[in-house]
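Residues 3 to 326 in this note's numbering are what the sequence shown spells out, letter by letter.
Right, one structure below, let's go through it.
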Amino acid sequence: MHRSVDKQCHIFLHELSFVFLPTGIPIVTNTNAEYNSTFGSIVTLECNISSSPNLNMVYWQKISNETVSNITSDSPGVYGSTVTNPSLTIQYVTTKDSGQYICYGQNIVGIGRSEPATLTILGGIPIVTNTNAEYNSTFGSIVTLECNISSSPNLNMVYWQKISNETVSNITSDSPGVYGSTVTNPSLTIQYVTTKDSGQYICYGQNIVGIGRSEPATLTILGGIPIVTNTNAEYNSTFGSIVTLECNISSSPNLNMVYWQKISNETVSNITSDSPGVYGSTVTNPSLTIQYVTTKDSGQYICYGQNIVGIGRSEPATLTILEV
3 MHRSVDKQCH IFLHELSFVF LPTGIPIVTN TNAEYNSTFG SIVTLECNIS
53 SSPNLNMVYW QKISNETVSN ITSDSPGVYG STVTNPSLTI QYVTTKDSGQ
103 YICYGQNIVG IGRSEPATLT ILGGIPIVTN TNAEYNSTFG SIVTLECNIS
153 SSPNLNMVYW QKISNETVSN ITSDSPGVYG STVTNPSLTI QYVTTKDSGQ
203 YICYGQNIVG IGRSEPATLT ILGGIPIVTN TNAEYNSTFG SIVTLECNIS
253 SSPNLNMVYW QKISNETVSN ITSDSPGVYG STVTNPSLTI QYVTTKDSGQ
303 YICYGQNIVG IGRSEPATLT ILEV
């Protein structure tokens with residue numbers, strides 16, 4: 003009976019087989035050694051872990067500027083970094099997330115780690131340039147100050163600054179008399195320039211990283227009050243004849259009125275194209291023609307030209323009527 007039991011036991015032991023599984027610290031590898039990601043995007047740093055015995059913890063370390071910080075599944079702005087999902091997902095990357103990342107896996111034997119993976123965040127403050135450093139524009143015209151902006155991440159604001167006489171003023175798309183200065187059209191168009199618009203202009207572009215600016219562009223407004231000159235300082239004319247008092251006017255912006263003044267015996271009287279006995283004194287023919295001169299026409303005559311900037315005047319011309 004004893005021999006029968008031993009025989010059965012021997013058969014049972016003979017039929018048993020033992021599998022010895024390899025054990026040790028986790029084997030941790032990363033899929034990529036480098037990651038390039040755009041500012042504001044989502045990025046996943048892959049981590050693969052083989053572990054026997056089973057993992058009991060996963061975490062990451064970030065190394066940036068010689069500073070080491072730990073990242074776990076409880077860290078803000080991330081998910082993953084768990085025993086079931088060891089990869090690390092950063093939900094909204096910024097330049098502060100740039101650095102080297104190491105994945106760690108831990109079991110009861112010890113801790114394994116991956117090689118470092120480098121994360122580089124692409125993008126930064128906008129790059130803002132202007133097309134021209136100087137603009138010359140005529141009073142009353144329309145002018146566009148060009149601005150070119152390259153931005154990653156995308157722009158969220160564009161505005162301009164004007165510097166004149168050490169005074170700085172902001173210009174936006176809502177400012178009166180302008181259009182542009184938007185994220186889709188950053189150039190600034192001034193619809194009707196005056197001398198007050200002269201100055202330096204700087205274009206600014208803003209994104210979630212920060213603000214970029216252009217070099218200053220100088221806007222000079224050409225034009226002013228009319229320049230009025232006469233051809234002769236003195237005229238001598240015979241009673242009853244016709245005489246033309248010459249007037250030359252250079253004006254930018256264009257003239258909108260011409261008139262004359264006569265000064266005689268300390269009395270000043272205005273002469274226009276509607277005055278009797280004369281013609282001329284218009285924006286196209288500023289000279290004054292008196293059709294039949296008498297002694298009453300003797301005196302000093304001044305020609306005036308007016309535009310939207312102001313009024314210019316000539317030097318006096320003296321008309322003397324000679325009697326026959």
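The beta carbon of each residue, even a glycine, is placed where N, CA and C say it ideally should be.
{"Asked": "Measure how close the beta-carbons of residue 155 and residue 208 come, nearest whole angstrom, since I'm counting them as under 8 Å.", "Found": "No, residue 155 and residue 208 are not in contact; Cβ-Cβ is about 11 Å, not under 8 Å."}
{"Asked": "According to the neighbour-count rule (16 or more other Cβ atoms, all chains shown, within 10 Å of its Cβ), is residue 324 buried or exposed?", "Found": "exposed"}
{"Asked": "Using the Cα positions of residue 117 and residue 33, report the straight-line distance between them to the nearest angstrom.", "Found": "10 Å"}
{"Asked": "Cα separation between residue 212 and residue 101?", "Found": "20 Å"}
{"Asked": "Tell me which residue opens and which closes the beta strand (DSSP E) that residue 108 is part of.", "Found": "101-108"}
{"Asked": "On the three-pair Cβ rule with 8 Å, is the stretch 139-149 touching the stretch 183-196?", "Found": "yes"}
{"Asked": "If you count every other CB in all the chains shown that lies within 10 Å of the CB of residue 78, and 16 or more means buried, which is it?", "Found": "exposed"}
{"Asked": "Spatial neighbours of residue 183 within its chain, please: C-beta separation below 7 Å, excluding the five flanking residues on both sides.", "Found": "160, 161, 162, 173, 174, 175, 190"}
{"Asked": "Could you spell out where the beta strand (DSSP E) holding residue 314 opens and where it closes?", "Found": "313-315"}
{"Asked": "Are residue 217 and residue 135 closer than 8 Å when you measure CB to CB?", "Found": "yes"}
{"Asked": "So which of 257, 295, 38, 202 has the shortest CA-CA distance to residue 240?", "Found": "295"}
{"Asked": "Can we say the stretch 272-280 touches the stretch 244-257, given the rule of at least three CB pairs closer than 8 Å?", "Found": "no"}
{"Asked": "Kindly indicate which three-state DSSP category residue 31 falls into: helix, strand or coil?", "Found": "strand"}
{"Asked": "According to the Cβ coordinates, are residue 130 and residue 92 closer than 8 Å?", "Found": "no"}
{"Asked": "Mapping the DSSP letters down to three states, classify residue 320 as helix, strand or coil.", "Found": "strand"}
{"Asked": "Would residue 39 pass as a contact of residue 123 if the rule is Cβ separation under 8 Å?", "Found": "yes"}
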